[in-house]
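Residue numbers for the sequence shown follow numbering that gives the first Met the number 0, beginning at 0 and rising by one. Cβ coordinates follow ideal geometry from the N, Cα and C atoms, glycine included. Single-structure report; data block below.
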Amino acid sequence: MRLIRLAVAFGLIALQTVGCAPGPLSTTWVAPGTPPTQYRDLIVFGVSTNPTVRRAYEDNFVEALKGSGVQARAAHTLLSDRDVGRARAVQEAVGRSGADGVIVTYLAGENPDAAPTGRTTHVVPSLYGRLYPYYGHILSEVTAPGYYANYRALRLETNLYDAGRASLVWSGRSDPLDPSSEQTMISEVIAAVIGKLKADGFLPTS
């Protein structure tokens, strides 16, 4: 039940404006063979079972990006709650927006026995490679009844897609989140994500 409460609460946390110091990212992945592109106009899609939580989380992530000098918009400002689950509507909204990058982020459940150890580069499943199959799959999985009840730990997963190609360019997962310190952990993770994206060349540094 503590994990379920964390999954609901994390999107409602009033985050401070955060910097880009190193933080609690345990694994990252970068698309091989292509030089990084600096994305300057992002749309943030949060995935949650609760629309209010989703909107609040998108707003918090956008605020943190803007505080770091990156233009960003929350997906809920472009799509209704009804359309956020419709692949065609999502694709059309991204196209109309003129954004060059799309962030999809959510609390991923896992069982600690299966968790990777150390800080490394993780293997990205083939499903992640294209935005629209991936987004639909994750939305369906996370919003299924009892999703968070099936896991004993949570990590914040963030994926950056090139909007024009709809292809994955960067992915990161946090260390396991501590349910007793939601505000500290979530704000640190978002700061770490933004900092790592800048360090890896996917966001402007000034």
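List the endpoints of the continuous beta strand (DSSP E) containing residue i.
{"i": "Y105", "result": "100-109"}
{"i": "Q90", "result": "Premise fails: Q90 lies in the alpha helix (DSSP H), 86-96, not in any beta strand (DSSP E)."}
{"i": "N158", "result": "152-161"}
{"i": "F60", "result": "Premise fails: F60 lies in the alpha helix (DSSP H), 50-66, not in any beta strand (DSSP E)."}
{"i": "P171", "result": "Sequence inspection shows Gly at residue 171; the Pro mentioned does not correspond to that position. Counting along the chain, the beta strand (DSSP E) containing G171 begins and ends at 166-173."}
What does the alpha-carbon distance come out to for the pair residue i and residue j?
{"i": "T142", "j": "V69", "result": "29 Å"}
{"i": "T204", "j": "T27", "result": "19 Å"}
{"i": "T76", "j": "G45", "result": "12 Å"}
{"i": "Y133", "j": "Y127", "result": "5 Å"}
{"i": "V29", "j": "V168", "result": "6 Å"}
{"i": "Y160", "j": "Y38", "result": "10 Å"}
{"i": "G66", "j": "E57", "result": "14 Å"}
{"i": "F60", "j": "V43", "result": "7 Å"}
{"i": "R164", "j": "R151", "result": "35 Å"}
{"i": "G200", "j": "V83", "result": "29 Å"}
{"i": "E187", "j": "Y105", "result": "15 Å"}
{"i": "S170", "j": "N158", "result": "4 Å"}
{"i": "T51", "j": "T36", "result": "32 Å"}
Could you give the C-beta distance for residue i and residue j, rounded to a whole number, given that I count them as a contact under 8 Å?
{"i": "S173", "j": "L155", "result": "4 Å"}
{"i": "L24", "j": "A191", "result": "5 Å"}
Is it true that the CB of residue j sits closer than 8 Å to the CB of residue i?
{"i": "L64", "j": "L78", "result": "no"}
{"i": "E140", "j": "Y146", "result": "yes"}
Under 7 Å from any heavy atom of the ligand GDP, does the C-beta of residue i make it?
{"i": "I185", "result": "This structure does not include the ligand GDP; it has no bound ligands of any sort."}
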